[in-house]
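Undergrad: Position 128, counted from 1, in the sequence shown is what the working numbering calls 128; the numbers after and before it change by one each time, with no gaps.
Cβ atoms here follow ideal geometry from the backbone N, Cα and C, with glycine treated the same way.
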Amino acid sequence: MLLAIYTVLIGVTIALQIVFDAPVSALFAPSPQGLVEVDFALGLGVGLAIVLLSQWAAGRVPAFRDMTDALSEILRPLNHRDVFAQAFFSALAEELFFRGFLQPRLGLHVTSLLFGFVHFPRDRRLRIWQPLGIVLGYLLGWMFAARGSIVAPFLTHFAVNYFNMHFVLSRRETA
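1) State buried or exposed for N79, treating a residue as buried only when at least 16 other CB atoms are found within 10 Å of its CB.
2) Which of the three DSSP states, helix, strand or coil, is assigned to L75?
3) Measure the Cβ-Cβ separation of S149 and A29 and say whether it is below 8 angstroms.
4) What does the alpha-carbon distance come out to for the pair L123 and L136?
5) By alpha-carbon positions, which one of A146, A85, T68 ends up nearest to I5?
6) Could you check the C-alpha separation between T68 and V61 for me, to the nearest Å?
7) For F89, which of helix, strand or coil comes out of DSSP?
8) In this structure, does DSSP put I10 in helix, strand or coil?
9) Just verifying my parser: in three-state terms, what is the DSSP assignment at F101?
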């Protein structure tokens with residue numbers, strides 16, 4: 001179900017980019033500030049740092065532990081084979097829409113707040129999810145603004161989703 005929603009969001013964002021005469025391919029182009037290799041290193045480096053910090057916090061900070069437990073239940077239908085597709089399409093859809101489409105039109109602050117808003121949890125154990133979404137929105141938005149490409153924000157978003165979903169599923173299996 002979520003993959004279908006992300007696919008629709010990707011399609012809508014591409015259509016909006018066309019309507020506003022902003023080619024999607026430009027969002028993936030190496031920035032004038034440097035090479036695409038820098039975007040890859042920045043995106044994966046920041047993503048892995050966030051993964052390590054969040055997994056460390058899941059073992060030591062009650063709010064993160066609660067979030068991990070709640071996500072374990074939410075991700076119950078997924079198995080390890082599903083994680084790549086879920087992480088890839090969620091990161092691509094959200095980065096295309098928030099950084100690629102909204103941020104150039106609404107600015108960093110509004111887009112970051114909207115990013116956090118859509119991560120509003122229904123489960124009280126996920127109460128930290130929304131503030132983390134806002135902080136991550138600013139970080140991803142800053143990368144987009146600094147690099148002029150969604151490559152680094154996409155890779156950060158993908159790494160966080162991919163490795164943390166595997167982490168959550170692994171904790172569920174050992175519990």
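TA: According to the data block:
1) Around the beta-carbon of N79, fewer than 16 other beta-carbon atoms lie within 10 Å, marking it exposed.
2) L75 sits in coil when the DSSP states are folded into three classes, being neither helix nor strand.
3) Cβ atoms of S149 and A29: closer than 8 angstroms.
4) A small correction: the amino acid at residue 123 is Asp; Leu does not occupy that position in the sequence shown. Answer to the nearest angstrom: the Cα atoms are 20 angstroms apart.
5) If we check each option's Cα against that of I5, A85 comes out closest.
6) In this model, T68 and V61 are separated by some 11 angstroms (Cα to Cα).
7) DSSP places F89 in helix when its eight states are reduced to three.
8) Three-state result, I10: helix.
9) DSSP, read as helix, strand or coil, puts F101 in helix.
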